Amino acid sequence: MALLGLTIKEQTYAWLEPLDEYSVTQHAAKNKSIQIVGGFLFSVLIIGLITSLALFLFTDPTDILNPRVLFETSWRVWFLYLTLLAGCVLFAHQQQLGERRATMPVLEQGEEIPAVTSLTGEAQNLADVFSDEARAALERGFKLATTFGHASVSPLHLFIGALESNDASIVFGRLGLTFEKIKDPVARYLQGRQLGKPTVLSEETERVLLTAFLESVKQGLQEVPSYELFVASFDVEEFLQELFLDSGVSAQQFHNMIEWIRINDRMRIRYQAFKKAAAFKPTGPMNRSMTSVATPILDQFSEDLTTAGVYGQLPILVGREREIEEVFRVIEGGRQSAVLVGSEGVGKQTILAGIAQLMVEERVPKILEDKRLVRLSVPHLISGVDPSMAQERMMRLFYEVSKSRNIILAVTDLEQMTGLSSGNDATADLAATFVDFLSRGGTFAIATATPRAYVGSIERSVLGRVFQKVDINEPDETSAIHMLQSKIGEIEYNQKVVFSYEAVEKAVQLSDRYMHEEYLPKKAITIAREAALMVSKLRGEDALVLGEDVAQIVTEKTGVKATSVASEEKDTLLNLEERMHGRVIGQDEAVKAVASALRRARAELSSQDRPLATFLFLGPTGVGKTELAKTVAQTYFGNEDAMIRLDMSEYQSQDSIHRLIGVPGSNQGGLLTEAVRKQPFAIVLLDELEKAHPEILNIFLQVFDDGRLTDAAGRTIDFKNTIIVSTSNAGTQYIQDAVGRGEDLDSVKTHLIEEELKGTYRPEFLNRFDGVIVFKPLTQDEVFQIAGLMIGQVAKRLEPKGIFFRAEPDAVKELSVKGYDPKFGARPLRRVVQEEVDNAIANALLAGKVKRRDTIVLKASGTIEIEKGKEL
Amino acid sequence: MQKASASLIVRYAFKDGLRELVLLPVWWYTNGLKRVFLFTLYSMKWSSDLFGLGIWVKNLFVPMYGETSLTGRAISFGVRFVMIIVRGIGVVTLSLLSWIGFVIYVVVLPLSLLGVIINLLALLF
Numbered sequence: 001m002a003l004l005g006l007t008i009k010e011q012t013y014a015w016l017e018p019l020d021e022y023s024v025t026q027h028a029a030k031n032k033s034i035q036i037v038g039g040f041l042f043s044v045l046i047i048g049l050i051t052s053l054a055l056f057l058f059t060d061p062t063d064i065l066n067p068r069v070l071f072e073t074s075w076r077v078w079f080l081y082l083t084l085l086a087g088c089v090l091f092a093h094q095q096q097l098g099e100r101r102a103t104m105p106v107l108e109q110g111e112e113i114p115a116v117t118s119l120t121g122e123a124q125n126l127a128d129v130f131s132d133e134a135r136a137a138l139e140r141g142f143k144l145a146t147t148f149g150h151a152s153v154s155p156l157h158l159f160i161g162a163l164e165s166n167d168a169s170i171v172f173g174r175l176g177l178t179f180e181k182i183k184d185p186v187a188r189y190l191q192g193r194q195l196g197k198p199t200v201l202s203e204e205t206e207r208v209l210l211t212a213f214l215e216s217v218k219q220g221l222q223e224v225p226s227y228e229l230f231v232a233s234f235d236v237e238e239f240l241q242e243l244f245l246d247s248g249v250s251a252q253q254f255h256n257m258i259e260w261i262r263i264n265d266r267m268r269i270r271y272q273a274f275k276k277a278a279a280f281k282p283t284g285p286m287n288r289s290m291t292s293v294a295t296p297i298l299d300q301f302s303e304d305l306t307t308a309g310v311y312g313q314l315p316i317l318v319g320r321e322r323e324i325e326e327v328f329r330v331i332e333g334g335r336q337s338a339v340l341v342g343s344e345g346v347g348k349q350t351i352l353a354g355i356a357q358l359m360v361e362e363r364v365p366k367i368l369e370d371k372r373l374v375r376l377s378v379p380h381l382i383s384g385v386d387p388s389m390a391q392e393r394m395m396r397l398f399y400e401v402s403k404s405r406n407i408i409l410a411v412t413d414l415e416q417m418t419g420l421s422s423g424n425d426a427t428a429d430l431a432a433t434f435v436d437f438l439s440r441g442g443t444f445a446i447a448t449a450t451p452r453a454y455v456g457s458i459e460r461s462v463l464g465r466v467f468q469k470v471d472i473n474e475p476d477e478t479s480a481i482h483m484l485q486s487k488i489g490e491i492e493y494n495q496k497v498v499f500s501y502e503a504v505e506k507a508v509q510l511s512d513r514y515m516h517e518e519y520l521p522k523k524a525i526t527i528a529r530e531a532a533l534m535v536s537k538l539r540g541e542d543a544l545v546l547g548e549d550v551a552q553i554v555t556e557k558t559g560v561k562a563t564s565v566a567s568e569e570k571d572t573l574l575n576l577e578e579r580m581h582g583r584v585i586g587q588d589e590a591v592k593a594v595a596s597a598l599r600r601a602r603a604e605l606s607s608q609d610r611p612l613a614t615f616l617f618l619g620p621t622g623v624g625k626t627e628l629a630k631t632v633a634q635t636y637f638g639n640e641d642a643m644i645r646l647d648m649s650e651y652q653s654q655d656s657i658h659r660l661i662g663v664p665g666s667n668q669g670g671l672l673t674e675a676v677r678k679q680p681f682a683i684v685l686l687d688e689l690e691k692a693h694p695e696i697l698n699i700f701l702q703v704f705d706d707g708r709l710t711d712a713a714g715r716t717i718d719f720k721n722t723i724i725v726s727t728s729n730a731g732t733q734y735i736q737d738a739v740g741r742g743e744d745l746d747s748v749k750t751h752l753i754e755e756e757l758k759g760t761y762r763p764e765f766l767n768r769f770d771g772v773i774v775f776k777p778l779t780q781d782e783v784f785q786i787a788g789l790m791i792g793q794v795a796k797r798l799e800p801k802g803i804f805f806r807a808e809p810d811a812v813k814e815l816s817v818k819g820y821d822p823k824f825g826a827r828p829l830r831r832v833v834q835e836e837v838d839n840a841i842a843n844a845l846l847a848g849k850v851k852r853r854d855t856i857v858l859k860a861s862g863t864i865e866i867e868k869g870k871e872l
Numbered sequence: 001m002q003k004a005s006a007s008l009i010v011r012y013a014f015k016d017g018l019r020e021l022v023l024l025p026v027w028w029y030t031n032g033l034k035r036v037f038l039f040t041l042y043s044m045k046w047s048s049d050l051f052g053l054g055i056w057v058k059n060l061f062v063p064m065y066g067e068t069s070l071t072g073r074a075i076s077f078g079v080r081f082v083m084i085i086v087r088g089i090g091v092v093t094l095s096l097l098s099w100i101g102f103v104i105y106v107v108v109l110p111l112s113l114l115g116v117i118i119n120l121l122a123l124l125f
């Protein structure tokens, strides 16, 4: 007995079909018997037809065409009537099968969505609007519950019952799941269910059935498909959500996957309706009412979008209903032209295609009925002629348009109409001609423009007067995923590959995160196309495109590591300190802080809206601040050159801000913004930050906070994949004194921030850094180790010449003593190594004392000795 | 789906088949007739759409090929008038065919039934 119901348009719906062993068996028998009856009738029809034909052929074949034969009495005529009768019965049988006992209700736009309530009074049986597959899913769920002896059919049973449907296998396949993966936990969970007899439909499952029905009504479907049961049971069963999460599939991802199936369903239904409607749309210049004229000049410089639509050459539009409605409102209400303003790649052309398709189907306001949308090609129009001739061409073309009266013009990149010039003296503005034509009521136009072009060339020009702006915004992540999903079918067909859901999602997410110069959904579609091509070449036909494939394409395109952490990289990350200490001696706290920040960034634990990490390295000169920054570039970005280095002492005046981000009005970026735009995955080293003008520090406040900066050309530069390291010598004297007194680094740091740096940096600026790291002055022992490293570098430089080099420990000690200066850190050491070691080696090389395979040995007191190598 | 026993299936096949046969005339002249009638109406609309009759009538006074001169208008009106008649004939022909189909539907069931019975009786007795 049903407990719950749903009322739509005063009709209540409830699951009234009994669900027990007897009814399920009966239903199965009924289904089979329908097939048998149909088969039997069809056989009678065929046998009757063949027999009567044969009898006619054996007697007098010409009688077939004689109507009088119907009145004769013979076996052949009897068989003819029998065939006719069988045909009637079969026709009635098939028609009755197609007759639903109920039809799905239709929810009007803006109508309140009803809620599931307790059932009172009469109701329509939901089973009558369920698809065969959906009913089968419920029956399989029931069977499962009875097999386990469960007291009720829960949503979980229903979910498992729906697994056998085609849609479920698509969902599982694309999500990278298998039944094997979830089988054991499901079985364990089922064992804990309450037992009892007879098995009945639980109230929760009833609610699921009603929810699935409501969702199907909202989608405008003709029946309830099995995938709606699938998603409705998933939504109420927390165990399933947890289970999917364990397999790496979130509820949002699952819903997006279901939406993919819905999109494909809708596209199929729309395509069928479109094909039907397109049969009536003329494809030439002539409209159905024949009021138009031939347009030979227009045809030369344009493309008929409605004709392309009839031939199925235009992409199908997903979403964007609001924008299209607005365009129609502008045209119908204000009798004005519209310009779609949106960044490159947000789908302006697809919206034009969508409008063309609506015109093919004649699902447009009256004013656009029986018309064609023609895209004018401005480059074609102006090519090969001077501006005045282009203008003349345009006038003749407009004459055709106004005479034809069935043309709506589409102009992509409307700004092309302005500022046309050739040579020194011939200039003309097509815009004025165009505006004049439109304002005289010649026709309407739907144009496109980027925001920058709109502000620069359209808004305040004559074009702005006749074109009303319709904003086309970049879609959000979920909408972009749905838009990409609508394109995947075509990509899969072309490249013979299959996309996983993860690949689709990653194409949108990664392109959104790392490719800031382009816009969704186009950039995601490009990435998906390239990934499909790569996979089909590498792994052959029917290969699955995975998220990692998409990440690889993004990595190749942007240079940003978008792929997940591979096992060897894991080792690198876990042993970062060790690797860093290979180059940086001492400074344990600094190395540890930096390594931890890098691990957090790579594991994507740090904020996604800020740079990967921001550090302020404080300390005396020559203690390894820059060296540590270089080490980070080498270990994290894989290359010491992945570093954008700015000497902030060059930015001491307020004006120098323009060198960083570009001169206003120049339409060009600055040194910093251009460098980061070209190399978004790099370390930005701001040397001697304290010397920069305070206004410049304010710019970095924003970078540290939002991870982006707008340059003079108006481009937003993304700093989210950079590590920003600022070095500063401020407070050096204090650090040296305090470390000399033996104070611990933490208290030194606190005092530095609270007292010493007050005059140099504002507190809010210091607070923005992920870490303020104090580098302590080097000890004699550390300088000795650095000397060892430098000797190693000398040996490395000699290696290509085939000469070996080593230094005796006493010699290294001597060098480190000579090169040690607590004020300047390891800097003097480099000079000492240059003077004492490099010079001696250079002299020996020039004197020809050293040959290949010889070993140069540095001894104490700076002398060098040469050990002869083996003769060949 | 639940497996049904063969005997149950056969029983249903007989029961349902027989019921369908007995109720055939009822369905034929109620739901069936309504369906075929609606289909006939749809066919008429389809044939009207096919020939674009509505558009031609609506544009009877609109000059063809943008010829707005008086002569152009006069010729247009004449041509449109003739075209409306020609297209009208097309629509009527197609509609007539649909209605013939409808009439055939109405008579085919008793005709075939009588044919079977009368012939069988005459042949056997």
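So the sequence lines, in the order shown, correspond to chains A and B. Once you know that position 461 of the first sequence is 461 in the UniProt record's numbering, the rest is easy, because the numbers rise by one and skip nothing. Once you know that position 118 of the second sequence is 118 in the UniProt record's numbering, the rest is easy, because the numbers rise by one and skip nothing. Backbone N, C-alpha and C define an ideal beta-carbon position, used for all residues, glycine too. Treat the numbers as computed from the prediction; the structure is a model and nothing was measured.
The beta strand (DSSP E) spanning G101(B) covers which residue range? On the second sequence, position 101 is the one that residue 101(B) refers to. DSSP places G101(B) in no beta strand (DSSP E) but in the uninterrupted alpha helix (DSSP H) bounded by L70 to L124.
Contact residues within the segment 381-406 of chain A, judged by C-beta distance below 7 angstroms to chain B: Cβ contacts with chain B come from K403, S404 and R405.
Cβ neighbour criterion (16 or more within 10 Å) applied to T71(B): Within the second sequence, numbered from 1, the residue matching residue 71(B) stands at position 71. Exposed is the call here.
Please check if any C-beta of chain A sits within less than 8 angstroms of the C-beta of Q2(B). Against the second sequence, residue 2(B) aligns to sequence position 2. Any answer about Q2(B) is weak, because its pLDDT of 49 lies below 50 and its placement is not dependable; what the coordinates show is given next. Yes, Q2(B) lies at the interface with chain A (some Cβ there is under 8 angstroms from its Cβ).
Have a look at G423(A) and E392(A) and give me their C-alpha separation to the nearest angstrom. For the purposes of this step, residue 423(A) is taken as the residue at position 423 of the first sequence. For the purposes of this step, residue 392(A) is taken as the residue at position 392 of the first sequence. In this predicted model, G423(A) has a pLDDT of only 48, less than 50, meaning its place in the structure is not dependable enough to derive any value.
Chain B contact residues for H93(A), given Cβ-Cβ distances below 7 angstroms: Locating residue 93(A) in the first sequence gives position 93, counting from the first residue. The contacting residues are E20.
What residue range does the alpha helix (DSSP H) around L829(A) cover? Mapped onto the first sequence, residue 829(A) falls at position 829. DSSP places L829(A) inside the alpha helix (DSSP H), whose first and last residues are R827 to V832.
Does any residue of chain A have a CB that is nearer than 8 angstroms to the CB of W28(B)? Along the second sequence, one-based indexing puts residue 28(B) at 28. Chain A, which has a Cβ nearer than 8 angstroms to the Cβ of W28(B), makes this yes.
Determine whether the Cβ of M64(B) lies closer than 8 angstroms to any Cβ atom of chain A. Numbered from 1 along the second sequence, position 64 holds the residue referred to as residue 64(B). It does; some Cβ of chain A falls within 8 angstroms.
My parser needs the alpha helix (DSSP H) runs of 4 or more residues fully inside the segment 33-75 of chain A; what are they? Counting only runs of 4 or more, we get nothing.
Determine the extent of the alpha helix (DSSP H) in which F254(A) is found, giving its start and end residues. On the first sequence, position 254 is the one that residue 254(A) refers to. Counting along the chain, F254(A) sits inside the alpha helix (DSSP H) bounded by residues A251 to A278.
Among K859(A), Q109(A) and L45(A), which has the Cα closest to the Cα of L82(A)? Walking along the first sequence from the start, residue 82(A) turns up at place 82. Of the listed residues, the one whose Cα sits closest to L82(A) is L45(A).
Given 7 angstroms as the limit, tell me if L409(A) has its C-beta closer than that to any heavy atom belonging to the ligand COA. In the structure shown, the ligand COA is absent, as is every other ligand, since no ligand is present at all.
Please list, in chain order, all residues of the same chain as N256(A) whose beta carbon is under 6 angstroms from its beta carbon, the five residues on each side excluded. Taking the first residue of the first sequence as position 1, residue 256(A) is located at position 256. Closer than 6 angstroms at Cβ, skipping near neighbours: I481.
Measuring only between beta-carbons, confirm whether G423(A) sits less than 8 angstroms from chain B. For this step, residue 423(A) is matched to residue 423 along the first sequence. Any reading at G423(A) must be qualified, since the residue scores a pLDDT of 48, below 50, and its modelled position is unreliable; no value is offered.
For a minimum of 3 consecutive residues, which ranges assigned as the beta strand (DSSP E) are wholly contained in the segment 728-798 of chain A? Taking 3 residues as the shortest admissible run, the segment 728-798 of chain A contains the following complete beta strand (DSSP E) segments, listed from N- to C-terminal end: 771-774.
Tell me which residues of the segment 104-117 of chain B have at least one Cβ-Cβ distance to chain A shorter than 7 angstroms, keeping chain order. Per Cβ criterion, the list reads V108, L109, S112, L113, G115 and V116.
Listed by chain order, chain A residues near R35(B) by CB distance under 7 angstroms: The residue labelled residue 35(B) in the question sits at position 35 within the second sequence. What R35(B) touches in chain A: Q95.
Does any residue of chain B bring its CB to less than 8 angstroms from the CB of T103(A)? Numbered from its first residue, the first sequence carries residue 103(A) at position 103. It does not: the Cβ of T103(A) has no partner Cβ on chain B nearer than 8 angstroms.
Interface flag, A74(B) vs chain A, CB-CB below 8 angstroms: The residue given as residue 74(B) occupies position 74 in the second sequence. Residue-level contact by beta carbon fails for A74(B) and chain A, as no gap is shorter than 8 angstroms.
Can you pull the chain A residues whose beta carbon is under 9 angstroms from the beta carbon of L123(B), in chain order? Residue mapping note: residue 123(B) aligns to position 123 of the second sequence, counting from 1. What L123(B) touches in chain A: T73, S74, W75 and W78.
Own chain partners of F824(A) with C-beta closer than 8 angstroms, once the 5 adjacent residues on each side are dropped: Taking the first residue of the first sequence as 1, we reach residue 824(A) at position 824. Closer than 8 angstroms at Cβ, skipping near neighbours: P620, T621 and G622.
Distance CB(V554(A))-CB(Y514(A)) smaller than 8 angstroms: The count along the first sequence starts at 1 and reaches residue 554(A) at position 554. The count along the first sequence starts at 1 and reaches residue 514(A) at position 514. Yes, the Cβ-Cβ distance between V554(A) and Y514(A) is below 8 angstroms.
G624(A) burial status per 10 Å Cβ neighbour count (16 or more: buried): Within the first sequence, residue 624(A) is the residue found at index 624, counting from 1. By the neighbour-count definition (other C-beta atoms within 10 Å, threshold 16), G624(A) is a buried residue.
Can you give the beta carbon distance from V466(A) to V341(A), rounded, assuming they're within the 8 angstroms contact cut? As a position in the first sequence, residue 466(A) is number 466, starting the count at 1. As a position in the first sequence, residue 341(A) is number 341, starting the count at 1. The pair is not a contact, with the Cβ atoms about 15 angstroms apart (cut-off 8 angstroms).
Hey, which unbroken runs of the alpha helix (DSSP H) at 4 residues or more fall wholly within the segment 584-649 of chain A? Listed in chain order, they are 588-602 and 625-636.
Presumed contact (8 angstroms Cβ cut-off) between L16(A) and A2(A), rounded CB distance: If you number the first sequence from 1, residue 16(A) lands on position 16. If you number the first sequence from 1, residue 2(A) lands on position 2. Yes, L16(A) and A2(A) are in contact; Cβ-Cβ is about 6 angstroms, under 8 angstroms.
By DSSP, does I488(A) sit in helix, in strand, or in coil? Here residue 488(A) refers to the residue found at position 488 when the first sequence is read from its first residue. I488(A) falls in the helix class under three-state DSSP.
Can you round the beta-carbon distance between E332(A) and I472(A) to whole angstroms, since I take them to be within the 8 angstroms contact cut? To locate residue 332(A), count along the first sequence from 1; it is residue 332. To locate residue 472(A), count along the first sequence from 1; it is residue 472. Not really, about 19 angstroms apart at Cβ, beyond 8 angstroms.
Between the segment 277-289 of chain A and chain B, which residues of the former have CB atoms less than 7 angstroms from a CB of the latter, in chain order? Within the segment 277-289 of chain A, the qualifying residues are F280, R288 and S289.
I need the DSSP call for H150(A), collapsed to helix, strand or coil. Here residue 150(A) is taken as the residue at index 150 of the first sequence, counted from 1. Of the three classes helix, strand and coil, the one that applies to H150(A) here is strand, per DSSP.
Residue from V703(A), S653(A), V676(A) and L646(A) whose Cα sits closest to the Cα of E688(A): Here residue 688(A) corresponds to residue number 688 of the first sequence, with the count starting at 1. When only C-alpha atoms are compared, the closest one is L646(A).
Range of the contiguous beta strand (DSSP E) that encloses S302(A): Here the question's residue 302(A) lines up with position 302 in the first sequence. Here the beta strand (DSSP E) through S302(A) covers S302 to D304.
Could you check whether I64(A) and F56(A) sit closer than 8 angstroms to each other, using their CB atoms as the reference points? In the first sequence, counting from the first residue as 1, residue 56(A) sits at position 56. In the first sequence, counting from the first residue as 1, residue 64(A) sits at position 64. It is a contact, given that the beta carbons lie within the stated cut-off.
Pairing CB atoms from the segment 90-109 of chain A with CB atoms from the segment 191-205 of chain A, are three or more of them under 8 angstroms? The way I'd put it, the segment 90-109 of chain A doesn't touch the segment 191-205 of chain A; fewer than three beta-carbon pairs between them come closer than 8 angstroms.
Specify the secondary structure class of Y651(A) as computed by DSSP and reduced to three states. Taking the first sequence and counting its residues from 1, one reaches residue 651(A) at position 651. Of the three classes helix, strand and coil, the one that applies to Y651(A) here is coil, per DSSP.
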